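These notes concern the structure reproduced below.
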Amino acid sequence: MKKVLVLGSTGSIGINTLNVIRSLPGKFQITALMVNSRIDVLEPQIEEFHPECVVVKEEIPAEQLRKKLKGKIEVLSGISGLSKAASVCDYDIFIGAMVGSAGLAPTIQAIKRGKRIGLANKETLVVAGELVTQLSKLYGAEILPIDSEHSAVFQCLIGENLNQVEKIILTASGGPFLNKTKADFLNVTIEEALNHPNWKMGHKITIDSASMMNKGLEVIEAKWLFNIQQDKIDVVIHPQSIIHSMVQFVDGSVKAQLGLPDMKLPIQYALTYPDRLQNYNPRVNLPSIKQLSFFEPDLDKFECLKIAYSALDSGGNAPCVLNAANEIAVDKFLKGNIKFSRIPYIINKSLERIEHNTQPDLDIIFQCDRQTREFAAGLS
Ligand SMILES: NC(=O)c1ccc[n+]([C@@H]2O[C@H](COP(=O)([O-])OP(=O)(O)OC[C@H]3O[C@@H](n4cnc5c(N)ncnc54)[C@H](OP(=O)(O)O)[C@@H]3O)[C@@H](O)[C@H]2O)c1
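Counting in the numbering used here, the sequence shown runs from 2 upward without gaps.
Here you go:
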């Protein structure tokens with residue numbers, strides 16, 4: 002039985018991870034659950050899965066939970082609690098299901114212990130992809146993608162020679178604003194931006210999907226996961242979200258991975274790889290889908306995708322600045338403090354202002370993340 006730590010167990014990916022584990026009795030044991038603050042969602046998880054380790058990052062709900070649990074389980078807290086749990090708790094597989102670059106520090110602890118990392122938290126690879134992949138090689142940690150696009154690419158690459166890959170084609174649904182104009186972005190509401198046509202996800206990634214920054218972050222994530230040049234990573238709009246991504250080889254052959262838009266499949270695969278285990282989730286029925294369509298993204302309208310390609314080209318700490326500024330801008334939009342159309346403005350201004358560093362180490366990455374957040378917080 003494999004032991005599993007879930008960082009972000011109360012979120013969309015975390016809850017789906019627990020659903021997968023529940024559906025495969027006798028295969029996995031939850032030993033650690035870590036969340037930000039929502040102890041009302043965490044408590045029933047603790048009752049059901051009996052973890053040995055629990056972390057609630059925010060101090061006040063952590064204290065409330067300690068009182069309720071009456072010492073039956075130690076509840077760690079704070080950012081240091083997340084890293085401590087990742088470095089001392091007993092687990093074989095670390096599921097990085099939290100949102101934001103704050104996932105980087107605990108993920109590094111898991112890497113240093115040579116664990117299998119099921120990575121949904123793309124921000125970790127966006128801010129420090131080079132360092133994270135170097136460390137995973139050094140410590141023998143295995144990073145398996147949970148993002149559906151990267152899981153698709155990973156599956157298409159099995160048995161293939163990486164030198165024979167011509168390009169990776171990441172598919173994108175286009176989100177809720179696919180058919181809006183750039184001028185419409187001045188007036189879109191929070192509710193409209195959160196109304197994703199195909200996927201039910203946390204708020205931050207849903208806004209990233211509406212701006213297509215999500216695809217930009219995924220291009221950066223793909224570069225590090227598959228060690229491929231950025232000019233070999235294409236994005237194609239595929240509104241049905243049935244083909245999760247493709248790989249084109251030097252002989253012109255294209256392999257694709259298909260599935261319904263349901264994160265349980267990539268989560269299960271990251272847990273069970275290299276095995277595929279029987280499940281009874283709904284299957285793709287192509288005749289009922291009828292049509293799969295594709296077209297190029299409009300980079301003028303979806304400026305965030307263009308900025309992400311450019312930050313990846315600049316390299317160094319630029320993706321870290323991009324990510325931190327985006328996290329702040331999305332938070333401002335979700336709080337009603339800025340218009341949707343200001344998201345790329347805040348990111349561009351931050352990229353202009355924060356000093357470029359071509360070879361950042363981890364300390365510089367953490368510092369750059371902090372500085373960018375402070376700077377972006379002052380913009381509107
Ligand atoms: N949702 C999807 O379908 C999907 C698909 C592909 C990739 N991803 C990626 O997966 C990650 C999670 O996305 P999501 O949609 O599951 O997000 P979500 O629903 O917002 O859940 C986020 C989770 O992270 C926890 N969290 C947030 N900040 C934290 C902190 N500082 N310390 C500890 N825990 C923290 C939250 O705890 P509380 O509940 O206590 O706030 C919650 O458990 C993101 O990186 C996203 O890009 C998601």
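Glycine included, every Cβ here is placed at the ideal spot set by N, Cα and C.
All values derive from a computational prediction rather than experimental measurement.
Check, Outcome
"Output the distance between the C-alpha atoms of N318 and V89, rounded to the nearest integer angstrom.", "30 Å"
"Which two residues bound the contiguous alpha helix (DSSP H) that contains K307?", "304-315"
"Would the region 150-166 count as touching the region 178-187 if we require 3 or more Cβ pairs under 8 Å?", "no"
"Going straight from the alpha carbon of G79 to that of L8, what length do you get?", "13 Å"
"As a quick exercise: from G130, D93, V42, pick the residue whose alpha carbon is nearest that of N324.", "G130"
"Of the residues V36, N358, Q279, which one's Cα is nearest the Cα of P26?", "Q279"
"So if DSSP puts D185 in a beta bridge, which residue, or which two residues, is it bridged to?", "In the DSSP output, where bridge partners are listed per residue, D185 has none listed."
"Using only CA atoms, which one of A309, Y92, A194, M2 lies nearest to F334?", "A194"
"Tell me whether W225, by its Cβ, gets closer than 8 Å to a heavy atom of ligand 1.", "no"
"Checking 9 Å against the spacing of the C-beta atoms, do V154 and Q231 come in under that value?", "no"
"Pull up the distance between the alpha-carbon of Q330 and that of P177, whole angstroms please.", "Looking at the sequence provided, one finds Ala at residue 330 rather than Gln. When rounded, the distance between both Cα atoms is 18 Å."
"So the candidates are P262, D299, T273, S81; which of them puts its Cα closest to the Cα of N282?", "P262"
"So C369 is in the alpha helix (DSSP H); what residue range does that whole segment cover?", "363-378"
"Does the Cβ of K58 lie closer than 8 Å to at least one heavy atom of ligand 1?", "yes"
"Might you give, ordered along the chain, the residues of its own chain that have their beta carbon closer than 6 Å to the beta carbon of G175, omitting 5 neighbours on each side?", "I238, P240"
"Can I229 and L163 be called in contact, C-beta distance under 9 Å?", "yes"
"Taking 8 Å as the cut-off, is the C-beta of M247 nearer than that to any heavy atom in ligand 1?", "no"
"Roughly how many angstroms separate the alpha carbons of Q110 and L83, rounded to a whole number?", "9 Å"
"Pick out whichever of N338, P288, I365, P345 has its Cα sitting closest to the Cα of C321.", "I365"
"Roughly how many angstroms lie between the CA atoms of L171 and Q372, to the nearest whole one?", "31 Å"
"Is the Cβ-Cβ distance between Y270 and L145 less than 9 Å?", "yes"
"At a cut-off of 8 Å, is I208 close to ligand 1 when judged by its beta-carbon and the heavy atoms of the ligand?", "no"
"Quick check on I290: buried or exposed, where buried means 16 or more other Cβ atoms within 10 Å of its Cβ?", "exposed"
"Tell me whether A63 sits in a helix, a strand or coil according to DSSP, three-state version.", "helix"
"Residue range of the alpha helix (DSSP H) that E150 falls in?", "149-158"
"Under the criterion of a Cβ to heavy atom distance below 8 Å, does L19 qualify as lining ligand 1?", "no"
"Can you find a CB in chain D that lies within less than 9 Å of the CB of W225?", "You won't find chain D in this structure, because it holds only one protein chain."
"Run through the DSSP bridge pairs and tell me what Q258 is partnered with.", "S246"
"With DSSP as the reference, label M214 as helix, strand or coil.", "helix"
"Okay, do the region 131-143 and the region 37-53 touch, 3+ Cβ pairs below 8 Å being the bar?", "no"
"Indicate the three-state DSSP secondary structure (helix, strand or coil) for C54 in the structure shown.", "strand"
"Would you mind listing the alpha helix (DSSP H) stretches within the region 92-118 that are 4+ residues and don't spill past its ends, in chain order?", "105-113"
"From T207 to V236, what does the alpha carbon distance come to, in whole angstroms?", "18 Å"
"By how many angstroms is the C-alpha of G203 removed from the C-alpha of N122?", "12 Å"
"Using only the alpha-carbon positions, how far apart do G337 and E167 sit?", "43 Å"
"Tell me whether the beta-carbon of I94 lies closer than 9 Å to the beta-carbon of V5.", "yes"
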